[in-house]
Structures are given as C-alpha cells and as structure tokens.
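Working notes for the structure below.
2 protein chains.
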Amino acid sequence: MMTKPLAKSAVSQKRVLDAAARIFRDYGYAGATMRVIAEEAGLKAGSLYYHYQSKDALIGAVLDVGMNAAIEAMNAALATLPPEATGRQRLEAAFRTHVATIIANGDYSLATSRVYGQVPAAIRAQHEKLRDHYGLIWRNILATAQRHGEFRGDVNLTLARLLILGALNWTAEWFKPGNRSIDDVARGFAAIVMDGIAVPAGTAS
Amino acid sequence: MMTKPLAKSAVSQKRVLDAAARIFRDYGYAGATMRVIAEEAGLKAGSLYYHYQSKDALIGAVLDVGMNAAIEAMNAALATLPPEATGRQRLEAAFRTHVATIIANGDYSLATSRVYGQVPAAIRAQHEKLRDHYGLIWRNILATAQRHGEFRGDVNLTLARLLILGALNWTAEWFKPGNRSIDDVARGFAAIVMDGIAVPAGTAS
DNA sequence: CGAAAAACCGAACACTAGTTAGAAAGACCG
DNA sequence: CGGTCTTTCTAACTAGTGTTCGGTTTTTCG
C-alpha cells in the first residue's frame with residue numbers, strides 16, 4: 012500500500028510520452044498510429060491504454076509537456092535576473108531561454124508546433140490558456156521596457172511579439188546542434204530585433 | 012479533336028486542388044482523407060483519381076502551387092522596382108510581397124507550412140529545390156544591400172534571413188483580414204528588422 | 001514464499017483508409 | 001439522332017485504424 016504512485020509506471024509512462032512526441036512530430040496527428048508509437052516505446056499497442064485513456068489524451072499530454080516546459084524555464088530564467096536588469100537584458104535572456112527550451116525539448120516543441128493545427132478542437136481549446144499565459148510573459152517584458160523608455164514608443168509591441176515568437180519557433184525546424192551554438196543564435200536574433208540590421212542614420216558610409 | 016486540354020477537366024482539377032489545400036491544411040497529410048477532399052470538391056472519392064494518380068500526387072501538386080506562387084510573385088514584385096531602388100526599399104517590397112502572397116494563397120501557404128514535415132520523404136526531396144531557390148532570392152537581397160554598405164557588416168545574414176522567414180511565415184497562422192492591413196504588418200516588420208525596437212544609442216530618454 | 005496489485009500481451013471488433021474497375025452519365029460533333 | 005470521348009459514380013477489395021477485454025506475466029510487499 013504505497014502512498015505515491017509506483018515508479019515503474021512513471022518510467023514507462025515517460026517512455027510512452029517521449030515516443031509519442033517523436034512520432035507525432037514526424038507523422039502528424041492522424042499519421043501517428045498507436046501501433047507505431049507503441050513500437051517506439053517498446054510496447055504493444057494495447058498496452059498504451061494502461062497509461063493513457065486514448066490517443067487524444069496522449070496528444071494532450073504531449074502538448075502539455077512542451078508548453079509547460081517553456082513556461083517554467085522562462086519563469087526560472089527571468090527570476091534569476093537581478094531586479095535592476097535592463098529591458099535589453101531581460102529580452103536577451105528570454106530569447107536565449109526560449110531557443111534553449113525549444114532545442115532541448117526538440118521532440119515536444121516540434122510536435123507541438125506541427126501538430127497543433129490538426130488536433131481536435133476540444134484539445135486545442137484546453138491549451139489556448141497555456142499559450143496565452145506564455146504570450147503574456149513576453150508582452151510584459153516588451154511593455155515594461157517600452158514604458159521605461161528603453162524601447163521606442165512608436166513600435167507596435169504586438170507586432171514585435173509576433174515577429175519574435177515566429178522567428179524563435181522557427182528555429183526548431185532548422186537548428187542543428189554543432190553548427191552554431193544556441194547562445195549565438197539567441198544573441199544574434201536579439202541584436203537584430205533590438206538594433207536592426209541597417210546602418211544607423213547619420214553614419215558615414 | 013482539340014489541340015488544347017479540355018476546359019471542363021481543368022476547371023474540375025482546380026476545384027479538386029483548392030479543396031485539397033483546405034483539407035490538408037486543416038487535417039494534416041494523413042488526416043486528410045480522399046473522401047473528405049472529394050466531398051469538399053463536390054465529387055466522390057473515386058473520381059479524384061481521374062485528375063490525380065494518387066494522394067501523394069495531390070499533395071505534391073498542392074506544395075507546388077504554394078511555392079511557385081510565392082516565387083513568381085516575388086520575382087514580379089522585385090522586377091517592378093527601379094534599378095536604383097535601395098536595399099531598404101527592396102527588402103520592404105519583399106516583406107510586403109511575401110506576406111501578401113501568404114495571405115492571398117492562405118490555403119496553400121498554410122497547407123504547405125503545416126504539412127511539409129509530414130509528407131513522404133520522396134515528395135519532400137523534390138520540393139527542396141523550390142525552397143532553396145526561394146531562399147536564394149532573399150539571400151541576394153540581403154547580401155547586395157550589405158555589400159553596398161546599407162546593412163551593417165557585423166550582422167550574420169544567414170541568421171537574419173532565418174529570422175525574417177520564420178517571422179513572415181508565422182503570419183499565416185495569426186493574420187486575420189480586417190484587423191490590421193497586410194501593408195501595415197509588412198511595414199511594421201520591415202521597420203523592426205531594419206531599425207530595431209530599441210531607442211538608438213546617444214538619444215536622451 | 002505467496003497473494004494481491006500492477007503492467008503488459010494477444011487477438012479480436014467495428015470501422016475507415018487508399019485505391020481500383022466497370023458501369024453510368026455528360027459533352028461534343030457529324 | 002448515333003457514336004465517341006470525357007468525366008463521374010458505384011461498389012468493392014485489402015490493409016490498417018483506434019480501441020476493448022480476458023488472460024498472462026511481472027512486480028511489490030507483508
């Protein structure tokens with residue numbers, strides 16, 4: 012009679028979840044079959060139902076993991092910054108954290124971004140909250156910096172946020188470890204977004 | 012005995028293609044069934060095979076249309092610019108054209124970007140050429156402007172291109188006509204990428 | 001050890017997938 | 001009108017889908 016859920020089950024459940032993330036990422040929601048997921052996890056199809064009620068519950072769990080990992084990593088990273096950190100520093104940290112999370116949980120991130128549009132509406136609705144919450148973190152970073160006069164007042168922050176998240180999420184598709192480092196990418200992106208790529212006005216050619 | 016392919020067939024073929032783009036976009040590669048596509052096109056499933064050999068041929072055609080439309084629109088837009096157009100003007104035109112194409116051909120664009128990762132490898136390989144060609148257009152715009160001293164020499168153009176395309180392609184997911192105009196989005200994005208969102212150094216708060 | 005609980009398997013069920021082939025309907029022209 | 005293509009439908013086939021469930025194996029723990 013144990014008070015906490017048994018260990019064996021948790022391990023197996025995690026293996027199933029990891030396998031599901033990989034298969035969903037490669038084959039999409041409908042293309043990922045329970046039999047292939049089971050094989051990837053070292054089980055038979057019927058056994059998946061011991062851990063997850065249905066295929067929908069599985070994809071729901073995958074989406075949860077990806078999004079929650081991003082939110083927690085972002086909160087942790089921002090919490091370690093000193094209170095006097097500038098908006099520029101905060102934004103750079105957010106860039107670095109987002110890219111790092113996406114690459115570290117690559118299977119989940121890619122599965123999430125690729126499959127989100129194909130998932131049954133009921134499941135998608137449940138995860139809209141998480142998405143909105145994450146968007147709010149970014150909104151705060153940008154708005155605070157603008158209010159403090161660090162970011163220009165004439166830039167549309169909503170547009171800026173959509174640009175940033177679009178660019179960052181896309182990294183999951185092209186980033187190959189070993190080539191460029193995650194920090195290089197994050198720093199480079201942050202520099203472009205904050206300072207632009209054009210030669211500043213009033214500079215001799 | 013007509014020399015050109017009959018009209019009826021062409022019309023029907025286009026209806027099938029449009030329907031396929033919508034269904035692929037909403038349900039993914041595996042989730043889009045021939046029966047649903049046929050219904051969307053006002054046909055029965057078996058009749059699709061009169062126009063396309065297989066489901067793979069259908070998705071291949073959808074990918075083709077989306078990518079070719081983007082390439083042609085971009086070439087046309089850049090060709091209308093005067094030869095003395097600045098790099099800034101070229102880049103802004105490219106932004107506008109890309110977003111406009113994505114929104115105008117929304118079904119094909121979204122189908123392409125969502126389904127590309129799930130399509131059989133053989134089909135994907137065939138379309139990598141088109142993708143690379145499109146990337147080359149952007150590479151040229153950026154490299155030329157940098158060589159002319161309009162863009163800073165210390166920015167990594169590959170990184171800039173990946174940021175731009177990631178951000179632009181993401182617009183297909185969130186842009187809703189009627190709210191912001193396509194031009195507003197393109198101009199706003201171009202301004203951020205070229206000039207940044209931070210207050211320039213040497214400016215009093 | 002041995003019994004209870006947990007974890008997994010195997011085979012089946014109802015259903016749907018892509019695809020095919022032959023018949024039917026529609027369009028066109030003398 | 002008849003005849004010839006073109007286009008669509010109907011009906012089927014095989015293979016594979018998510019899911020269920022009774023039984024078998026493995027683990028846990030007194």
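These protein sequence lines map, in sequence, to chains A and B. Following the numbering used here, the numbering of the first sequence begins with 12 at its first residue and continues without gaps. Following the numbering used here, the numbering of the second sequence begins with 12 at its first residue and continues without gaps. Each residue gets a CB set at the ideal place from its N, CA and C atoms; glycine is no exception.
Using a Cβ cut-off of 8 Å, which residues of the segment 170-185 of chain A contact any Cβ in chain B, in chain order? L170, A171, L173, L174, I175, L176, G177, A178, L179, N180, W181, T182, E184, W185
Sort out for me which residues DSSP pairs F106 (chain A) with in a bridge. For F106 (chain A), which the question treats as bridged, DSSP gives no partner whatsoever.
Using the Cβ count rule (16 or more neighbours within 10 Å means buried), how would you classify L92 (chain B)? exposed
Return the first residue and the last residue of the alpha helix (DSSP H) that H138 (chain B) is part of. H138 (chain B) -> alpha helix (DSSP H) spans 132-158.
Does I113 (chain B) come within less than 9 Å of chain A when only Cβ atoms are used? I113 (chain B) does not count as touching chain A.
Rounded to whole angstroms, what is the Cα-Cα separation between L28 (chain A) and I175 (chain A)? 29 Å
For G98 (chain B) versus Q157 (chain B), is the C-beta spacing smaller than 9 Å? yes
Which of the three DSSP states is assigned to G207 (chain A) in this structure? coil
Rank A:L54, A:A209, A:M205, A:G117 by C-alpha distance to the C-alpha of L74 (chain A) and give the top, closest one. A:G117
Just reading off the alpha helix (DSSP H) that T123 (chain B) is part of, what are its end residues? 117-126
Determine which residues of the segment 103-135 of chain B have a Cβ less than 8 Å from any Cβ of chain A, and write them out in chain order. Answer set for the segment 103-135 of chain B: L121, R125, V126, G128, Q129.
Using a threshold of 9 Å, state whether the C-beta atoms of R2 (chain A) and D194 (chain A) are closer than that. Lying outside 12 to 216, the shown extent of chain A, residue 2 (chain A) is not represented and no answer is given.
Is A202 (chain B) helix, strand or coil when you go by DSSP? DSSP places A202 (chain B) in helix when its eight states are reduced to three.
Just to make sure I have the definition right: I need the residues of chain B whose C-beta is within less than 9 Å of the C-beta of G42 (chain A). Which are they? G39, Y40, A41, G42, Q129
Neighbourhood of K15 (chain A) by C-beta distance below 8 Å, restricted to the same chain and skipping five residues each side: Bear in mind that a pLDDT of 44 at K15 (chain A), under 50, signals an unreliable position, so the number given afterwards is only what the model happens to contain. Around K15 (chain A): no qualifying Cβ.
Pairs of beta-carbons, one from the segment 170-185 of chain B and one from the segment 175-187 of chain A, closer than 8 Å: are there three or more? yes
Looking only at its own chain, which residues have a Cβ that is under 7 Å from the Cβ of A52 (chain A), when we skip the five neighbours before and after it? The residues are R26, V27, A30.
So, does the CB of P94 (chain B) fall closer than 9 Å to a CB anywhere in chain A? no
Members of the segment 22-33 of chain B near chain A, C-beta cut-off 7 Å: none
Coil, strand or helix - T44 (chain A) by DSSP: coil
Does the beta carbon of G71 (chain B) come closer than 9 Å to any beta carbon on chain A? It does not: the Cβ of G71 (chain B) has no partner Cβ on chain A nearer than 9 Å.
Can you have a look at Q129 (chain A) and say buried or exposed, based on whether 16 or more other CB atoms are within 10 angstroms of its CB? buried
Helix, strand or coil at F186 (chain B) [DSSP, three-state]: coil
Tell me, please, whether the segment 133-140 of chain A touches the segment 56-73 of chain A by the rule of three or more beta-carbon pairs shorter than 8 Å. yes
Closest to G39 (chain B) by C-alpha separation, out of A:R125, A:Y119, A:G77, would be which residue? The option with the nearest alpha carbon to G39 (chain B) is A:R125.
Chain-order list of residues whose beta-carbon lies under 6 Å from that of A212 (chain B) (same chain, five-residue window excluded): Cβ neighbours of A212 (chain B) within its own chain (closer than 6 Å, five residues either side excluded): none.
Under 8 Å between beta-carbons, which chain B residues line up against V166 (chain A)? List them in chain order, please. G199, A202, I203, I208
At the level of alpha carbons, what is the spacing between I48 (chain B) and K66 (chain A)? 24 Å
Please go through the same chain and pick out, in chain order, the residues whose beta-carbon is closer than 6 Å to the beta-carbon of Q24 (chain B), but skip the five residues on each side of it. H62
Between the C-alpha atoms of R101 (chain B) and I152 (chain B), what's the straight-line distance to the nearest angstrom? 7 Å
Go to T91 (chain A), then tell me how far its alpha helix (DSSP H) extends in each direction, as first and last residue. 66-91
Rounded C-alpha distance that separates L141 (chain B) from V196 (chain A): 26 Å
Quick one: is G57 (chain A) near chain B, going by C-beta distance under 9 Å? no
9 Å is my cut-off, CB to CB: does T14 (chain A) come that close to chain B? With a pLDDT of 36 at T14 (chain A), under the threshold of 50, the modelled position of that residue is not reliable, and the figure given next carries that caveat. Taking Cβ atoms only, chain B never reaches closer than 9 Å to T14 (chain A), which makes this a no.
Closer than 7 Å by beta-carbon distance: list the chain B residues that pair up with P211 (chain A), in chain order. P211
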